[in-house]
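For reference, the structure is listed below as structure tokens.
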Amino acid sequence: MMKKASVLTALLSVTVLAAACGGNDEDAQADNSNASNASNEVATEDEEAELTSLGSEDADVELSFWLFGATGYPELAEEYVEENPNVNITFQEIDMEDHHNNLFTALSAGSGAPDMAAIEVSEIDGYKGAEDRFHNLYDLGAEEVEEDFLDWVWEVGSSVEGDFQFGLPTDIGPTVMFYRADIFEEAGLPTEPEDVEAEIQTWDDYRAASDQVLEEAGVPMAGNPETVYNAKRDQAPEQYFNEEDELILDSTPYVEGAFFDTSEMIEDGHIDNYGMWTPEWGGAMDDGGYATLLAPAWMQGVIKDNAPDQENWRVAAMPEGGGNWGGSYITIPEQSEHPEEAYDFLTWLLAPEQQLKAFENMGLFPSAPAVYEMEEFQDYSDDYFGGQNTAQVFADSALENEHVHKGAQYGDVNSEILAGLDNVYDGIDPEEEWEDILTRVEQRISR
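Going letter by letter, the sequence shown gives residues 0 to 446 in numbering that gives the first Met the number 0.
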């Protein structure tokens, strides 16, 4: 899971798709959603592409597959090429920013695209006006595997009309409440996951626990506004745009409510402002700088990396239900000369059996619910989290989730709101800031 989608990535995405769809150029900033399959360290450096070629050089069919981050897919694919000696697959794995930049360039130029390409979930809506650049997976038989995936996950990769499938889902990022049992104990709160879930079922319960944590343990409930706001936003039935891509920010109560609820917690001292992915944020995971981290399944690896010797982190359900933060889709660009063979490989790679292996090998949380019923999944336990079956907590969150349309300019709006929360933390009145956000958003998306 990559740490951030960059300004350059978002700008290129808009530029390419504007060229493809006849839209307007705009400078956009991607939202701070983390993509799946990136390094779990707080700070990363750009790396050169890693190439892995599997199969015979004399194979009849040569496929190319562009990925970002560390997926473990080349290792899984060794079995496939052994069973299909007529197929050779070359994997390119690179960081998310460079991956999307390269893909955007190839799609825009009309040449150089691979047979298969991953697209991060927060980026996928930006491609939905450029259907001519991709193969419709329904034309290749996708209706036969549609039921293998969670409904809401499948819908994210579909056109608004539901007649064009851009990609097959890989992993997902169902959200939960990670918490520090030692801080909860000091505050007089329950510490066992089932008791914590009984105690903190609603956001009002979360606020009450925040009061207790601040008063008795002397630390804030959350490390930064972004994670709290994200958790509330992702529970909303609609967010920034409707399915016609009309801005609805000031006409529905959900996002505004999430902003003001988060702002109130900032003002009450329940939320600190450690910048995500900074050393300070990672260090506070280790030394108890905050009590909870509202985050997706893949955050468990981030916690382990930044607090490797801690014994106090646990996992509980999110108050009032989970959301999703992360994941990706594998598309087949229109330039592919072997779409049928690419599709056959993808249906094998993303079948429940392989998704279980990807979960066991790399921690990629499955988008295929059949995995949740498998014995290996149900018997899973994680010693770091006190021997919990954390996978089941994530699965329960995933099963509760629903599809919400984001829109191609989702990242523009999201970045303005997060900037606004930073301003609230710096002392700006939330009412005044909200009005400024609405103005900034209107200006930004109309460019």
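Even for Gly, the Cβ is constructed at its ideal location relative to N, Cα and C. Note that the structure is predicted; figures quoted are calculated from it, not measured.
{"Item": "With 16 other Cβ atoms within 10 Å as the buried cut-off, status of A197", "Value": "exposed"}
{"Item": "Contact under 9 Å by Cβ, V454 with M176", "Value": "Residue numbering for the chain in the displayed model covers 0 to 446; residue 454 lies beyond these limits and cannot be assessed."}
{"Item": "Exposure label - P252; buried when at least 16 CB within 10 Å", "Value": "exposed"}
{"Item": "Which of helix, strand or coil DSSP assigns to G410", "Value": "helix"}
{"Item": "Simplified DSSP state of P365, which is helix, strand or coil", "Value": "strand"}
{"Item": "Own chain partners of I182 with C-beta closer than 7 Å, once the 5 adjacent residues on each side are dropped", "Value": "V212, A216, V218, G287 and A290"}
{"Item": "Within 9 Å, strictly: CB atoms of A316 and D395", "Value": "yes"}
{"Item": "Buried or exposed by the 16-neighbour rule on C-beta atoms within 10 Å, applied to A108", "Value": "exposed"}
{"Item": "Residue nearest to D126 in terms of C-alpha spacing, selected from G426, S445, D421 and A407", "Value": "The displayed chain sequence assigns Tyr, not Asp, to residue 126. When only C-alpha atoms are compared, the closest one is A407."}
{"Item": "Nearest-angstrom beta carbon gap, A296 and F364 [assumed within contact, 8 Å]", "Value": "4 Å"}
{"Item": "Option nearest T190 by Cα separation, candidates A208, T174, T201 and E81", "Value": "A208"}
{"Item": "Endpoints, the beta strand (DSSP E) within which N100 is located", "Value": "From DSSP, N100 is part of no beta strand (DSSP E) but of the alpha helix (DSSP H) over M95 to A108."}
{"Item": "Cα-Cα separation between D411 and V440, rounded to whole angstroms", "Value": "7 Å"}
{"Item": "Buried versus exposed call for S262 [16 or more other C-beta atoms within 10 Å across all chains shown]", "Value": "buried"}
{"Item": "Opposing strand residues paired with S209 [DSSP bridges]", "Value": "S209 pairs with nothing; no bridge assigned."}
{"Item": "Three-state secondary structure assigned by DSSP to M176", "Value": "strand"}
{"Item": "Range of the contiguous beta strand (DSSP E) that encloses N323", "Value": "N323 to T330"}
{"Item": "Cβ-based burial, Q377 [other Cβ within 10 Å; buried from 16]", "Value": "exposed"}
{"Item": "Integer-rounded CB distance, given that F165 should sit under 8 Å from T51", "Value": "25 Å between Cβ atoms; not a contact."}
{"Item": "Terminal residues of the alpha helix (DSSP H) in which S262 lies", "Value": "P252 to E266"}
{"Item": "Element boundaries [beta strand (DSSP E), containing F64]", "Value": "V60 to F67"}
{"Item": "Extent of the continuous beta strand (DSSP E) run through I199", "Value": "From DSSP, I199 is part of no beta strand (DSSP E); its letter is neither H nor E."}
{"Item": "DSSP-derived helix/strand/coil call for A42", "Value": "Any reading at A42 needs caution, since the residue's pLDDT is 33, under 50, leaving its predicted position unreliable; the model's value is listed next. DSSP places A42 in coil when its eight states are reduced to three."}
{"Item": "Backbone CA spacing between E374 and E142 [nearest angstrom]", "Value": "27 Å"}
{"Item": "CB contact flag (N323, M275, <9 Å)", "Value": "no"}
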